[in-house]
Amino acid sequence: MNILVGKLNPQTTEQQLEKHFNSFGFITSVDIIKESYSGDSLGYGYVLMPNIQEAEAAIRKLNGTSLDGHSIFVSKASQNGSRYRL
Numbered sequence: 740m741n742i743l744v745g746k747l748n749p750q751t752t753e754q755q756l757e758k759h760f761n762s763f764g765f766i767t768s769v770d771i772i773k774e775s776y777s778g779d780s781l782g783y784g785y786v787l788m789p790n791i792q793e794a795e796a797a798i799r800k801l802n803g804t805s806l807d808g809h810s811i812f813v814s815k816a817s818q819n820g821s822r823y824r825l
């Protein structure tokens, strides 16, 4: 399941995001979306977890938790490809 993580601290790294999720199960990939020219974080990213039950548990438990001083938004990513809006 692809998980959307929003309201990230611009300084949060993919490694920190992975560490925040890894207690819930196997993670296939972590991707923080960046501005194409500057490389600065856009404040959201995706965590891919192949096990649906583990992914759903991560969403339930991590939504609203603090990561690098920011209360993060965690939900199942949209299937229609629309971009996350801050």
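Heads up, the sequence shown is in the working numbering, so the first residue is 740 and it goes up one at a time.
The beta-carbon is built from N, C-alpha and C at its ideal position, and this holds for glycine as well.
Since this is a predicted model, take the numbers as computed values, not measurements.
| Query | Result |
| --- | --- |
| Cutoff 8 Å; reference L756; Cβ partners in own chain excluding five residues on either side | V744, L747, V769, I771, G784, V786 and L806 |
| Presumed contact (8 Å Cβ cut-off) between I742 and I798, rounded CB distance | 6 Å |
| C-alpha distance - A796 paired with I766, whole-angstrom precision | 13 Å |
| Span of the alpha helix (DSSP H) around I791 | I791 to L801 |
| Collapsed DSSP secondary structure at L743 in the structure displayed | strand |
| Neighbour-count burial assignment, G778, 16 or more Cβ in a 10 Å radius | exposed |
| Simplified DSSP assignment, three categories, for F812 | strand |
| Contact check, S814 vs N802, beta carbons under 8 Å | yes |
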